[in-house]
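The numbers in the sequence shown follow numbering that gives the first Met the number 0, run straight up by one, and end at 375. Glycine included, each C-beta is placed from N, C-alpha and C at the ideal position. For reference, the structure is listed below as C-alpha cells.
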Amino acid sequence: MDLYEHQARELFADHGIVVPRAEVTGSPKQAREIARRLGGRVVVKAQVRTGGRGKAGGVKLAADPADAELTARQILGMDIKGHTVHTVMLARPVDIESEFYVSYVLDRAAGRFLAIASAEGGMEIEEVAATRPEAVARVPVDPAEGVTPAVAARIADAAGLPARTVDVLVRLWDVLVHEDALLVEVNPLVSTRDGQIMALDGKVTLDDNARFRHARRGDEADAGHDPREAAAAAKGLHYVKLDGEVGVIGNGAGLVMSTLDVVAGCGARPANFLDIGGGASAQVMADGLSVVLSDPAVKSVLVNVFGGITACDAVADGIVRALGTVRLTKPLVVRLDGNNAERGRALLDERAHPLVEQVTTMDGAASRAAHLATTP
0 MDLYEHQARE
10 LFADHGIVVP
20 RAEVTGSPKQ
30 AREIARRLGG
40 RVVVKAQVRT
50 GGRGKAGGVK
60 LAADPADAEL
70 TARQILGMDI
80 KGHTVHTVML
90 ARPVDIESEF
100 YVSYVLDRAA
110 GRFLAIASAE
120 GGMEIEEVAA
130 TRPEAVARVP
140 VDPAEGVTPA
150 VAARIADAAG
160 LPARTVDVLV
170 RLWDVLVHED
180 ALLVEVNPLV
190 STRDGQIMAL
200 DGKVTLDDNA
210 RFRHARRGDE
220 ADAGHDPREA
230 AAAAKGLHYV
240 KLDGEVGVIG
250 NGAGLVMSTL
260 DVVAGCGARP
270 ANFLDIGGGA
280 SAQVMADGLS
290 VVLSDPAVKS
300 VLVNVFGGIT
310 ACDAVADGIV
320 RALGTVRLTK
330 PLVVRLDGNN
340 AERGRALLDE
350 RAHPLVEQVT
360 TMDGAASRAA
370 HLATTP
C-alpha cells in the first residue's frame, strides 16, 4: 500500500522527524487561504503516488496567496504518468543549505533490509547511481538488530552525511518497524541554514499484510487509487500500474516479472504488471486486456503466456473475445507457448486482426513490443 506524500510526512512527524508546515486541499480557493495561513509564499505539490512530479510540472513555487490559487488550479486535474491529480499539498518553503537522500527498503533475496543513502539528494537516485555509483552507499541492516545509533552512524559515515543526521536515521527506522513498512524514503532530507535536519518529501510503502492495522490510512490511500488498479482489483486481477509504455500481461508472477525485465532490456519501459494467474479463464484474459488497454500511456501490449494449467487456446479465446468488446487502437504482440499453443495461435490467425501479431519467443516478442512502443 503506497501512501501519498502528505501521509508519509504525517508518519514522519508522528515519530519526531521535523517536516515543514503544510496542508492539503483539492480546492484552488482553499489553496489561497492555506497559503495565507502559511505565510504567503508556498510550494504547491501534486499529490500522486508516482515519481517525476517536478519534471511534469506538478511541483511549483507560488509567490503569494493569489499565485497559490492560480498554481493549484493549474496542477489540479493534471495527468502525471497516468495518475490524475485530485489534491495538492501546500508547504512552507525552507532555506536549504544541503540536500541528502536516505531510504530503507526490504531486500527480499537477502532476507534483510538495505539502507541506501547519498550526500547528493534532491534528484533521482537512479541517475546518481548510474553516473556516480560511488556516491551512493548501500548498507545491509540486520532486522534483528535494527538501526541503532551505532548502525545509523555507520550509514551516515558511508554516505558522507553529517553526524546530525544520525538521529533522523534512527527515527526513520522506527517508522519502518512500527508502521509495518516495506519502504521508507526521504528525498530530499535537508540541512537548513539554521542547522535543522528536515524531511521535505516522503515515500512510504506499507505491507498489505498489515493493512488491518492501518485501516484509516488505507482508506485515505484508496480514495485516490488509480482507477485501473481499482477496476482490476474488482475483477480479481493482480494489476500494478507502472510508468512505462508497454502493457504487459502474463500468467504467473515469475513469468510476468521476467517479462518486465526483458522489455526494459529492449529499451522500453513496462506500463504495468498484470498476472492473470495459473488457471485463468478466457474471461479473465478478456478482463485483463480491457484494463491494460484503458491506460492512455500504453503504446503497445505484450501478452506472454506459457501454457500449463492455463491452456494457450483459452488465452487466445480471451483475446478474441476482448477484441469483440474493446476497440483495439494499440498494437498487440502475443507469444504463446506450451499447452495447446498451436490451437491458440490458430485461433488468433483465424481472427486476423490487423493490430495483432504473434512472435514465438519471449525475447523476440518483447523486442517487437518495445519497438512498436518507442517508434514514432
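Residue range of the beta strand (DSSP E) that includes residue i
| i | result |
| --- | --- |
| I74 | It is not in any beta strand (DSSP E) - I74 instead sits in the alpha helix (DSSP H) that spans P64 to I74. |
| M361 | Where M361 is concerned, there is no enclosing beta strand (DSSP E), although the alpha helix (DSSP H) it sits in stretches over M361 to T373. |
| T191 | A180 to T191 |
| G306 | S299 to G306 |
| V43 | V41 to A45 |
| I248 | V245 to G249 |
| R137 | V135 to V140 |
| A109 | Segment: none, A109 is in no beta strand (DSSP E) and carries neither H nor E. |
| E32 | Per DSSP, E32 belongs to no beta strand (DSSP E); it is in the alpha helix (DSSP H), P27 to L37. |
DSSP state of residue i mapped onto helix, strand, coil
| i | result |
| --- | --- |
| Q282 | helix |
| S289 | helix |
| D312 | helix |
| R344 | helix |
| M197 | strand |
| V239 | strand |
| S257 | helix |
| G223 | Here the model assigns G223 a pLDDT of 49, short of 50, so the residue's position is not dependable, and the following value carries that caveat. It is coil, neither helix nor strand. |
| N208 | helix |
| D274 | strand |
| A252 | helix |
| D1 | strand |
| A128 | helix |
| V355 | strand |
| D78 | strand |
| L331 | strand |
CB contact flag (residue i, residue j, <8 angstroms)
| i | j | result |
| --- | --- | --- |
| L168 | V183 | no |
| I248 | I275 | yes |
| A365 | V261 | yes |
| V174 | L10 | yes |
| I79 | G53 | no |
| I196 | T164 | yes |
| A232 | L205 | no |
| E349 | V332 | no |
| I318 | M284 | yes |
| F99 | L160 | yes |
| I16 | R227 | no |
Pick from the options that is closest to residue i, judged by C-alpha positions
| i | options | result |
| --- | --- | --- |
| A62 | K54, A149 and G38 | G38 |
| A71 | K54, L89, I79 and T83 | L89 |
| R91 | G159, V41 and R320 | V41 |
| A45 | G76, V17 and P19 | G76 |
| C265 | D13, T374, D94 and A149 | T374 |
Cβ-Cβ separation, residue j to residue i (assumed contact under 8 angstroms), whole Å
| i | j | result |
| --- | --- | --- |
| D294 | G246 | 7 angstroms |
| A321 | L346 | Wrong, their Cβ atoms sit about 13 angstroms apart, outside the cutoff. |
| A67 | A30 | 5 angstroms |
| V150 | E144 | 7 angstroms |
| L273 | V291 | 6 angstroms |
| L397 | G120 | There is no way to answer for residue 397, as the model of the chain reaches only from 0 to 375. |
Residue interval of the alpha helix (DSSP H) (run including residue i)
| i | result |
| --- | --- |
| F11 | E4 to D13 |
| V104 | It is not in any alpha helix (DSSP H) - V104 instead sits in the beta strand (DSSP E) that spans I95 to D106. |
| A155 | P148 to A158 |
| G90 | In the sequence as displayed, the identity of residue 90 is Ala instead of Gly. Not the alpha helix (DSSP H): A90 falls in the beta strand (DSSP E), residues V87 to A90. |
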